[in-house]
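In the UniProt record's numbering, the protein residues as written are 1 to 665. Built from N, CA and C at the ideal position, the CB exists for glycine as well. All of these numbers come straight from a predicted model, not from anything done at the bench. First up is the structure itself, then whatever we jot down about it.
Shown next, in the form of structure tokens:
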């Protein structure tokens, strides 16, 4: 079966329109968009779904506070959400709203079927309810009398409700987990579901409410409103026409290839939703991927902390692709990550302005100067450095493809940047400026120019899923014609080196990513996060908390060493390719590290502080000249550095821009 005849159905969570969305919501949606664009690039028939979950008590109360109807309240916010997705260039194929007739009609049918076959029954519920999270909790689950999930106050509720017999399907769900080990990603989420929710015993689930009116009415019992679990989760199939007269899209695209979401709602998608589908006798989605949180330095984003990041602010000032790149590059997908103004500015300046933008500018300027703007002929093997660069092209494409299939977006981008860095190095190696006055080297010089341009053409194709504007700017400056674009920018084109037509006329352009004033822009972003106008750099520095005077006890004095002693220790940057537990050792993880020039295995006692999934893609510092040793039967060829204090431990890491194997001095 060709890719053209294969489908790929990917979904985001549907967002709750009770307030303006922030950068955390953008993170999920951009990730889904990247995967959708990648699969389209590979020739798949893609369907990308997003939308809004518009019912519930919280919406009803907010509308009352605003003096408007719930429908008008959500209409206004949804309009803003769609504007944000347009600004982020989200290429969704459908936007489902749970207030749409197509959804409400199908949900009513789903509820009725589950009721008719005995999976839903009428009972009474008494417990504590968290309105913001729309969740019930028994008193034993409360933390200091508050919601265990969000920490907000809860309300005592007692009402008649319909229940779903979850317990009937627990064994079948566990069996499905065992037979489909890749169903929940990262795998640590699966262990959490099994140990925290399923094995202790599944309780029947309340699936209706009588204390508010804003929702889909239970068929034949209108005083009950269908609760969020059946209402919202069903969107993934109602958007395809399930339960309607035309279910052709459902037959075409279901089951979903991946449900994408943040980790706090993984339970609903890996327990409640699969059981609902089992009860409906429908196939389960192939994969549920629960990514981590995009955090701030002081924890999760909240208005009260003054740390909310508005993606529109960043797009308007720095451009769409700067934000999309940062979101997908900065954090290994699946792990928690931290947004900081410093890291954002560093990514823009180092990766986009210096590496990507400056490489293109240097190439176009040299072709214009040395060959009157025409791309010269390619001579394979014209320099001793060509084969090394071509090998980097081949390895980059292979690493990129493997990472993208696993939704390891930061690793995929890291691979592209290895090619960009290698191409920059190729300029330094070949020194084209030294060939200009030697006519005997004219052909070699021309081939060097071609290699530079062709390498960037390939990089631009690999960037297409991530950066939606920049590849087109690269193609314009490389002079690619409209007729040649489909051939030269297709996925198949990255498998061949030498497709760029000789004689193509390059076009000088403005810098794609102008360098930022570091202090000024860090201050601007920091102030924008707190909801105010830009501050000066001095004011921004003053806002940084000072180190506590007695945060760490003074250490015992140790013998001093000379610089020669320290120089014996070889420290290098290493990227974690994978990590796994060491059998029989709770504290140990076995890491596979990429040192640039070779791969090594290191065993480290960090298992209590990091899950294997959190480590993939991170750049750490490795002591590379330690004598190899065996720990619990596993060979360890070095040691990674970490800081520890009391029961805390944090790895020493470096930015992704630092190449693997770089010496740490």
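- Across the structure, residue 396 and residue 412 are spaced so that their CA atoms are roughly 9 Å apart.
- Residue range 45–52 is occupied by the beta strand (DSSP E) that includes residue 49, with no alpha helix (DSSP H) assigned at that position.
- Going by DSSP, residue 345 is part of the alpha helix (DSSP H) stretching over 341–346.
- For residue 498, the CB contacts under 7 Å within the same chain, skipping 5 residues up- and downstream, are 378, 454 in chain order.
- In this structure the segment 149–161 does not touch the segment 179–193; the number of beta carbon pairs closer than 8 Å is below three.
- Scanning 200, 422, 569 for the CA closest to the CA of residue 389 turns up 422.
- Bridge pairing for residue 512: absent [DSSP].
- Counting along the chain, the unbroken beta strand (DSSP E) around residue 261 starts and ends at 258–262.
- Assignment of beta-bridge partners to residue 622 by DSSP yields 572, 640.
- In this structure, the straight-line span from the alpha carbon of residue 105 to that of residue 244 is close to 8 Å.
- Between residue 294 and residue 23, the C-beta spacing is below 8 Å.
- A residue is called buried when at least 16 other Cβ atoms come within 10 angstroms of its Cβ; residue 524 meets this threshold and is buried.
- Here residue 501 is exposed: its Cβ has fewer than 16 other Cβ atoms, across all protein chains shown, within 10 Å.
- Distance from the CA atom of residue 37 to the CA atom of residue 142, rounded to whole angstroms, is 42 Å.
- DSSP links residue 633 through a beta bridge to no other residue.
- Within the same chain, and ignoring the five residues on either side of residue 424 in sequence, the residues whose Cβ sits closer than 6 Å to its Cβ are 359.
- A Cβ-Cβ separation of about 6 Å places residue 297 in contact with residue 340 under the 8 Å criterion.
- Less than 8 Å divides the Cβ of residue 49 from the Cβ of residue 92.
- In this structure, the beta-carbon distance from residue 120 to residue 34 does not fall below 8 Å.
- Boundaries of the beta strand (DSSP E) harbouring residue 123: 120–130, taken from the DSSP string.
- Taking the Cα of residue 479 as reference, the smallest distance to any Cα among 368, 414, 494 is reached at 368.
- Residue pairing by DSSP places residue 146 opposite 143, 153 in a beta bridge.
- The segment 623–641 and the segment 591–611 touch, with no fewer than 3 CB-CB distances between them shorter than 8 Å.
- Judged by DSSP in its simplified three-state form, residue 388 adopts helix.
- Rounded to the nearest angstrom, the gap between the Cα atoms of residue 61 and residue 110 is 27 Å.
- Residue nearest to residue 618 within the set 211, 579, 196 is 579 (criterion: CA-CA distance).
- Apart from sequence neighbours up to five positions away, the residues of its chain that approach residue 349 with a beta-carbon distance below 6 Å are 515, 516, ordered along the chain.
- In this structure, residue 606 sits away from residue 664, with a CB-CB distance that is not shorter than 8 Å.
- Here the C-alpha atom of residue 337 lies approximately 33 Å from the C-alpha atom of residue 283.
- For residue 44 and residue 316, the gap between their C-alpha atoms comes out near 32 Å.
- Cα atoms of residue 53 and residue 179: separation of roughly 32 Å, rounded to the nearest angstrom.
- Of the candidates 276, 26, 387, the residue whose Cα lies closest to the Cα of residue 117 is 276.
- Judged by beta-carbon spacing, residue 485 lies within the 8 Å limit of residue 475, meaning their Cβ atoms are closer than that value.
- Of the residues assessed, residue 39 falls on the buried side of the cut-off, its CB having 16 or more other CB atoms within 10 angstroms.
- Counting of Cβ neighbours within 10 angstroms places residue 399 among the buried residues, the total reaching 16 or more.
- A straight-line Cα-Cα distance of about 38 Å links residue 489 and residue 103.
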